[in-house]
Amino acid sequence: MSETQSQLVADVEKLAHTQVNDCYQCGKCTAGCPRGDVMDIGPTRLIRLVQTGEVLEAARAESVWQCVSCLTCSTRCPKSVNISGVIDALRQISVEKRISAKRFNKTVLFQKEFLRNIRRNGRTNELELVVAWKLLGLASDLNPLAALRDAQLGPKMFFRHKLHFMPGSPVKDKAVVRRIFDRCMAERKSETEE
Ligand code: SF4
Ligand code: SF4
Numbered sequence: 199m200s201e202t203q204s205q206l207v208a209d210v211e212k213l214a215h216t217q218v219n220d221c222y223q224c225g226k227c228t229a230g231c232p233r234g235d236v237m238d239i240g241p242t243r244l245i246r247l248v249q250t251g252e253v254l255e256a257a258r259a260e261s262v263w264q265c266v267s268c269l270t271c272s273t274r275c276p277k278s279v280n281i282s283g284v285i286d287a288l289r290q291i292s293v294e295k296r297i298s299a300k301r302f303n304k305t306v307l308f309q310k311e312f313l314r315n316i317r318r319n320g321r322t323n324e325l326e327l328v329v330a331w332k333l334l335g336l337a338s339d340l341n342p343l344a345a346l347r348d349a350q351l352g353p354k355m356f357f358r359h360k361l362h363f364m365p366g367s368p369v370k371d372k373a374v375v376r377r378i379f380d381r382c383m384a385e386r387k388s389e390t391e392e
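Counting from 1 along the sequence shown, just add 198 to a position and that's the residue number in the numbering used here.
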């Protein structure tokens, strides 16, 4: 394994707070994954790629954006490997290195806007998030119909209490949340520049 590969493996382990070499490839994580049937590379193979230094290949996989972070894999692992955390780390690396699977460009946009929304409001403001994401989507593919594509879902979600037009109870100290975000981003920046 090259020095760059070793550094990337160490980076994944640090971000995920786990040791990938603890994995003995039993396959329990993939067997329990509710998204395994649509993934191009299942959780077990993703971990194997990271173990062997192929972090960039793992970060290019569509699976990292198909994962819904349900944590089933991490819960089932007999070796307590934080697979879900590894997938989070791979998402981070794929965005930083701009190697995310192209088909998931909008998912990447959503992820970024979701985090910006929490940084701004201290918690998610769903209406603001939907509007911002739709505008970003519109700007990215210049298709006004795309902005209306999910419109029929709005009322259904609203009546099932899955979409809230009013923000929830306000966060008392938004500045603290902002400082947490800023500190994490500054630390990450200094780590990736080292
Ligand atoms: S469940 Fe744990 S030990 Fe088994 S393959 Fe998945 S990560 Fe490896
Ligand atoms: S966290 Fe992701 S990879 Fe793990 S079981 Fe859930 S969907 Fe599958």
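From the three backbone atoms N, C-alpha and C, an ideal C-beta is built for every residue, glycine too.
Beta-carbon proximity list for residue i, same chain, < 6 Å, skipping 5 on both sides
i      : result
Leu247 : Glu255, Ala256
Trp331 : Phe308, Glu311
Ile291 : Ala257
Leu206 : Val253
Gly230 : Thr270, Arg274
Proximal residues to residue i (C-beta, below 7 Å), its chain only, five neighbours per side dropped
i      : result
Thr242 : Gln223, Gly225, Cys227, Thr228
Ile297 : Leu254, Ala257, Arg258
Glu324 : Leu361, His362
Cys221 : Ile245, Gln249, Lys277, Val279
Met355 : Leu361
Val306 : Val293, Ser298
Thr216 : Val279, Asn280, Gly283, Val284
Delimiting residues of the alpha helix (DSSP H) encompassing residue i
i      : result
Glu294 : 281-294
Phe379 : 372-391
Met237 : Here Met237 belongs to no alpha helix (DSSP H), and DSSP marks it neither H nor E.
Ala257 : 253-258
Ala214 : 201-214
Leu351 : 351-357
Ala229 : 226-230
Gln264 : 261-264
Thr250 : No alpha helix (DSSP H) holds Thr250; DSSP gives it neither H nor E.
Ser272 : 270-274
Proximity of residue i and residue j at Cβ, strictly below 8 Å
i      : j      : result
Leu261 : Asp238 : The sequence shown places Ser at residue 261, not Leu. Yes, they are a contact pair.
Ala373 : Val284 : no
Pro481 : Thr273 : Because the chain here runs from 199 to 392, residue 481 falls outside it and cannot be looked at.
Gln264 : Val218 : no
Val369 : Arg318 : no
Val375 : Ile316 : yes
Glu252 : Thr390 : no
Lys304 : Gly335 : yes
Neighbourhood of residue i by C-beta distance below 8 Å, restricted to the same chain and skipping five residues each side
i      : result
Leu244 : Ala256, Ala259, Ser261, Val262, Ile281, Val284, Ile285, Leu288
Ser204 : Gly251
Worksheet item: Which ranges does the alpha helix (DSSP H) cover as unbroken runs of at least 4 residues, wholly within the stretch 307-346, from first to last along the chain?
Response: 324-339, 342-346
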